[in-house]
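**Student:**
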Amino acid sequence: MSGALINYSFLTFIVASFVYAVNNLAKKEELKKTFGYLGSLSLLIGLILMTAAILIRWQQAQRPPFSNMYESLILFAWSIALIYLVLELVYGIRIAGAFAAILAVIAIAAASFFDKSIEALVPALQSNWLLYHVLTCFVGYAAFAVSAAASIVYLILKGRGKVQASQKAKAGEKAESPTELVKVLQSFNYEAVRFGFLFLGVGIITGAVWANEAWGTYWSWDPKETWSLITWIIYAIMIHFKYVSGRFGVKDINTFNAICSIVGFFAVIFTYFGVNFILSGLHSYA
Numbered sequence: 001m002s003g004a005l006i007n008y009s010f011l012t013f014i015v016a017s018f019v020y021a022v023n024n025l026a027k028k029e030e031l032k033k034t035f036g037y038l039g040s041l042s043l044l045i046g047l048i049l050m051t052a053a054i055l056i057r058w059q060q061a062q063r064p065p066f067s068n069m070y071e072s073l074i075l076f077a078w079s080i081a082l083i084y085l086v087l088e089l090v091y092g093i094r095i096a097g098a099f100a101a102i103l104a105v106i107a108i109a110a111a112s113f114f115d116k117s118i119e120a121l122v123p124a125l126q127s128n129w130l131l132y133h134v135l136t137c138f139v140g141y142a143a144f145a146v147s148a149a150a151s152i153v154y155l156i157l158k159g160r161g162k163v164q165a166s167q168k169a170k171a172g173e174k175a176e177s178p179t180e181l182v183k184v185l186q187s188f189n190y191e192a193v194r195f196g197f198l199f200l201g202v203g204i205i206t207g208a209v210w211a212n213e214a215w216g217t218y219w220s221w222d223p224k225e226t227w228s229l230i231t232w233i234i235y236a237i238m239i240h241f242k243y244v245s246g247r248f249g250v251k252d253i254n255t256f257n258a259i260c261s262i263v264g265f266f267a268v269i270f271t272y273f274g275v276n277f278i279l280s281g282l283h284s285y286a
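According to the UniProt record's numbering, the sequence shown is numbered sequentially starting from 1.
1) Would you please state the rounded distance, in angstroms, between the beta carbons of Ala77 and Ile54? I believe it to be under 8 Å.
2) Taking Val184 as the reference, which of Trp221, Gly92, Phe99 and Lys32 has the closest Cα?
3) When the Cα of Ser9 is compared with those of Leu43, Glu30 and Val153, which residue comes out closest?
4) Would you give the residue range spanned by the alpha helix (DSSP H) that Ser208 belongs to?
5) Answer yes or no: do Ala96 and Ala150 have a C-beta to C-beta separation smaller than 9 Å?
6) Could you check the C-alpha separation between Glu71 and Asn276 for me, to the nearest Å?
7) Tell me which residues share the same chain as Leu229 and place their Cβ nearer than 8 Å to its Cβ, disregarding the 5 neighbours each side in the sequence.
8) Counting beta carbon pairs with one atom in the segment 258 to 267 and one in the segment 142 to 156, are three or more of them shorter than 8 Å?
9) Please state the DSSP three-state secondary structure of Phe138.
10) So Ile253 is in the alpha helix (DSSP H); what residue range does that whole segment cover?
11) Would you call the CB atoms of residue 290 and Thr255 closer than 9 Å?
12) Taking DSSP as the reference, what is the three-state secondary structure of Pro223?
13) Do Phe241 and Ile253 have their C-beta atoms closer together than 9 Å?
14) Do you know whose CA, among Thr51, Phe18 and Ala52, lies nearest Tyr37's CA?
15) In the DSSP assignment, the alpha helix (DSSP H) including Leu125 goes from what residue to what residue?
16) Do Gly46 and Lys116 come within 9 Å of each other at the CB atom, strictly closer than that value?
17) Using the C-alpha atoms, what's the distance from Lys28 back to Phe265?
18) Taking the C-alpha atoms as reference points, what is the distance between Ile74 and Ser112?
19) Cβ of Val146 versus every heavy atom of the ligand SAM: is any distance shorter than 8 Å?
20) Helix, strand or coil for Ser9, going by three-state DSSP, please let me know.
21) Alpha carbon to alpha carbon, what distance is there between Ala16 and Leu41?
22) I'd like to know whether the C-beta atoms of Ser79 and Trp210 end up nearer to each other than 9 Å.
23) What are the start and end residues of the alpha helix (DSSP H) that includes Gln60?
24) For Ile239 and Arg160, what's the separation of their Cα atoms in angstroms?
25) By a C-beta neighbour count over all protein chains shown, 10 Å radius and 16 as the cutoff for buried, is Tyr243 buried or exposed?
26) Give the DSSP-derived three-state secondary structure of Ala107 in the structure shown.
27) Just how far apart, CA to CA, sit Ile48 and Lys158?
28) Helix, strand or coil: how does DSSP classify Glu173 here?
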């Protein structure tokens, strides 16, 4: 039952990405509104189906279903959909929806390559900290994924705006100031990063407390710990650079933030996947 619901959510996320893309390309305001609403509805339905699937697996396993690559990828997709929909509701824009939905689709597709069987937890994971640590980390990862999606859209719009400004300059016309949509995207991106920064920070702290209980030390420079910290520092630089950018001669802080978001997300991916498959450590079972 859980697997079937995951498959249905996978299909609804694909539909959502397509409908959101049509919304972005539509010229008529009426069409944009219709397809935007349908995109949000599709993503919400997928989120509800995935929530049901996670709860069913939780009941079947008699533990939080976050202990292996299959389960964590499902959690990642769920978190992306949730964080994006919350930010969409707050900021009232849907332009990053297609990219966010595609990231959720990729996560579910990747999960299909891993073992779906439900197994008992290894002794190291038999702790109440499993829920708090994994959930906070993955909500943080998802917020960074949504930020990367918004950053890609921002850079596309920024590049398109520069081309249009150049064309108008050649024609002797006055270039327009950044659109309201671009300004909102800047705030959307920054807020997603702050949200992810907070949750990953909490995830690192809960992980340290758990590590002390399990291994007798809060920090051991395990590859997963180290790369989580590196990722957190990248986003810390982005957040705080906003206030000191003038000292370093950075004129376009928003483009800098967008690039940092994308670079930071590559660090997230390496922390999540690369460490598991390239480096060995205490988190090798994850």
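Here a beta-carbon is modelled for each residue, glycine too, at the ideal position from N, C-alpha and C.
Quick caveat, the model's predicted, so the values are computed rather than measured.
**Tutor:** In terms of the structure at hand:
1) So it is not a contact: roughly 10 Å between Cβ atoms.
2) Gly92
3) Leu43
4) Checking the sequence shown, residue 208 turns out to be Ala, not Ser. Where Ala208 is concerned, the enclosing alpha helix (DSSP H) stretches over Glu180 to Trp215.
5) yes
6) Each residue's alpha carbon lies about 15 Å from the other.
7) Ile204
8) yes
9) helix
10) Ile253 to Ile269
11) For residue 290 there is no data in the structure shown, the boundaries of the chain being 1 and 286.
12) helix
13) Yes, the Cβ-Cβ distance between Phe241 and Ile253 is below 9 Å.
14) Phe18
15) Run containing Leu125: none; DSSP gives neither H nor E here.
16) no
17) 34 Å
18) 10 Å
19) Only the bare structure without any ligand can be found here, which leaves the ligand SAM out of the picture.
20) helix
21) 8 Å
22) no
23) That run of the alpha helix (DSSP H) goes Glu29 to Ala61.
24) 26 Å
25) With fewer than 16 Cβ atoms within 10 Å of its Cβ, Tyr243 is classed as exposed.
26) The answer is helix: DSSP assigns Ala107 an H, G or I state.
27) 34 Å
28) Low local confidence applies: a pLDDT of 45 at Glu173 is under 50, so the model's placement there is unreliable, with the coordinate-based value given in what follows. The answer is coil: DSSP assigns Glu173 none of H, G, I, E or B.
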